[in-house]
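Data block below; observations after.
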């Protein structure tokens, strides 16, 4: 086939086969350009440690900022407290840049005290327990507030939930002191909004006391399971065995949780012993007992 004929065949193929425009990047939307102009220059957020690398996404009209952490004293890159929320998104609205409402991550120094730390391998797990205790304390506080409502009026249940809130805070603070004594590091996290308050509001006209106690029992058991997992690692894993941590858990939070779980279970048994017709009167009687 002659060169001229080859050229003619290629030209015919190019005319017959349609071009694929799906791979061509579309220009920025005019609406996005107008929004960016209205909001002015975007200033990246300034974290306590590290920096945000921001990029413009003109297709979705947002500024996307990724947190980058520096190195600590040991030459290792600092970990991010919450990798799922390490990226912040800002949108241009009503003439100003507004951040999407998500938990804010940060760079954790995670620097232990070398002069004190010895055979302490479970700092991250202990910090996880501290996080859980703060979360559950907020959960109980929300329930205590619910029982104070005028259309609920169960002061005994409110007092009991307030006691659970105080216990969780005390245990969390005790763990923080323990980490410092062992030469570890403290990592604090955002506390999410508890769902217990809204859950109880939806149940306020039907056995609210029983519903709250059952929710509290489930939460207590979940925390206890987490601590038992930590105790198992400190006991059964040879390389990570920690007799001091084992004793601290057994003598402290595990003993307290066992007693509290039993107490809540007893209250639930009392409440479930009443028939549907007598439940309101029985709940009132239990509430009076909880006020003492």
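Residue numbers (mature numbering (1 follows the signal peptide of the UniProt record, and there is no 0)): -19 to -1, 1 to 273.
The beta carbon of each residue, even a glycine, is placed where N, CA and C say it ideally should be.
In this text the structure is predicted, and so the values were computed from the model without any measurement.
Check	Outcome
Three-state class that DSSP yields for residue 47 in the structure shown	strand
Whole-angstrom distance between residue 258 and residue 87, CA atom to CA atom	53 Å
Which of helix, strand or coil DSSP assigns to residue 258	coil
Candidates 100, 28, 145 and 48, of which the one nearest residue 234 by Cα	145
Cross-strand partners of residue 69 (DSSP beta bridge)	46
Residue 23 and residue 40 closer than 7 Å at C-beta	no
When 208, 221 and 247 are compared against residue 191, the one with the closest alpha-carbon	247
One or two residues paired with residue 88 in a DSSP bridge	61
As assigned by DSSP and simplified to three states, the class of residue 38	strand
Other residues of its chain near residue 94: CB distance less than 7 Å, five sequence neighbours each side excluded	164
For residue 52, three-class secondary structure by DSSP	strand
Same chain, Cβ closer than 7 Å to residue 201, neighbours up to 5 away in sequence not counted	238, 241, 242 and 245
Through-space distance from residue 54 to residue 143, alpha-carbon basis	42 Å
Residue 131 burial status per 10 Å Cβ neighbour count (16 or more: buried)	exposed
Same chain, Cβ closer than 6 Å to residue 19, five either side skipped, listed in chain order	76
Buried or exposed (CB count within 10 angstroms, at least 16 for buried), residue 148	buried
Exposure label - residue 111; buried when at least 16 CB within 10 Å	buried
Residue range of the unbroken beta strand (DSSP E) whose run includes residue 163	First-last for residue 163: undefined, no H or E at that position.
Straight-line gap, residue 84 to residue 263 (C-alpha atoms, nearest Å)	42 Å
CB-CB length for residue 177 against residue 120, believed under 8 Å	5 Å
Candidates 30, 60, 72 and 56: closest to residue 36 by CA position	72
Residue 228 burial status per 10 Å Cβ neighbour count (16 or more: buried)	exposed
Cβ-based burial, residue 265 [other Cβ within 10 Å; buried from 16]	exposed
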